[in-house]
Every structure is written in structure tokens, then in C-alpha cells.
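Counting the sequence shown from 1 gives a position; this note's numbering is that position plus 1. Glycine included, every Cβ here is placed at the ideal spot set by N, Cα and C. As the structure is a prediction and not an experimental result, all values here were calculated from the model. Everything on this sheet refers to the single structure shown next.
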Amino acid sequence: MTITATCHCGGTRIELPDAPTHATQCTCTYCTKSGGLWAYYDVGSPRIVSETHGAVYSPTTPLHEHHFCARCGCTTYGTSPDYSLEDTEIPERRKFAVNAKLLDDYALFRALKVEEIDGRNLW
Ligand SMILES: [Zn+2]
């Protein structure tokens with residue numbers, strides 16, 4: 002079964018390599034205000050099937066790229082440095098975060114174990 006995440010209007014559709022079991026709720030101002038709930042994958046692992054009306058917002062280019070649908074307004078995915086793996090100021094390795102709220106299978110969404118990270122105070 003293909004695991005998919007789709008924005009409300011269907012313009013952005015992402016196929017995931019496997020079902021997420023965990024998601025991260027970040028307390029930073031962007032994540033709080035945009036409603037992102039992040040399921041992390043390796044960059045290139047999820048497949049972006051379509052991104053009609055895709056747009057990018059980034060107050061910290063190129064560190065964090067926040068993708069959203071300019072038609073329906075859904076926060077869709079983002080890329081950011083993978084701070085969990087490297088002990089440097091700004092790691093070169095990046096991670097890909099899918100907004101788990103876009104999961105088409107609501108049962109998968111409800112089963113997620115959500116971890117909060119304090120992005121509001123960590124960066
Ligand atoms: Zn949309």
C-alpha cells in the first residue's frame with residue numbers, strides 16, 4: 002500500500018517510503034503558526050509526485066525551506082539541517098520533513114506518537 006500525503010486541494014502529493022510512527026511538534030514560531038507536525042525522512046526518500054501551486058517560505062534561507070501550497074494554504078513539507086546526526090554548528094546533512102497532518106490515511110495520523118521539541122528556545 003502506498004502511503005501518501007496530500008494537501009487539501011490535491012496540488013501537492015507526496016509518496017512516503019513507509020508509514021511514519023512518530024512525529025515532531027516543534028514549538029518554534031514558524032511551526033506553531035503554520036501548523037506543521039513533522040514526520041522526518043532522508044532527503045530524496047519521499048517522492049514528490051506533484052507540486053502544482055507549490056511555494057516556498059524561508060526567513061532563514063538556505064537553512065530552512067518551508068514548502069506550502071499557494072492555492073489551499075496547507076503547509077506541505079520542509080528541509081532543514083539534520084542537527085541530530087552531526088556535532089557541528091550547521092550540519093551539511095539535511096533532513097526532509099513531511100507535514101504529517103497531510104497523511105491521507107487518518108488512522109495513521111491518529112496513531113502517531115508525538116514528541117515535542119522546544120524550537121522556540123533552542124534556535
Ligand atoms: Zn493545495
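Residue burial classification, Y78 (beta-carbon count within 10 angstroms, cutoff 16): Counting from one through the sequence shown, the residue named residue 78 turns up at place 77. With 16 or more other Cβ atoms within 10 Å, it is buried.
Which of helix, strand or coil DSSP assigns to S81: Position 80 of the sequence shown holds residue 81. S81 falls in the strand class under three-state DSSP.
Residue from G37, H54, H9 with nearest C-alpha to A98: Taking the sequence shown and counting its residues from 1, one reaches residue 98 at position 97. Per the Cα distances, G37.
Distance, T80 Cα to H65 Cα: Here residue 65 is taken as the residue at index 64 of the sequence shown, counted from 1. Here residue 80 is taken as the residue at index 79 of the sequence shown, counted from 1. Spanning the two alpha carbons is a distance of roughly 6 Å.
Sequence-distant residues of the same chain with beta carbon closer than 6 Å to D105, five excluded per side: By one-based count along the sequence shown, residue 105 stands at place 104. The answer, listed in chain order, is T5, T7.
Residue interval of the alpha helix (DSSP H) (run including G55): Residue numbering aside, residue 55 sits at position 54 when the sequence shown is read from its first letter. Taken as a continuous stretch (DSSP letters only), G55 belongs to no alpha helix (DSSP H), being part of the beta strand (DSSP E) at 55-58.
R14: CB within 6 Å of a non-hydrogen atom of ligand 1: As a working note, residue 14 is residue 13 in the sequence shown. Every heavy atom of ligand 1 is 6 Å or more from the Cβ of R14, so no.
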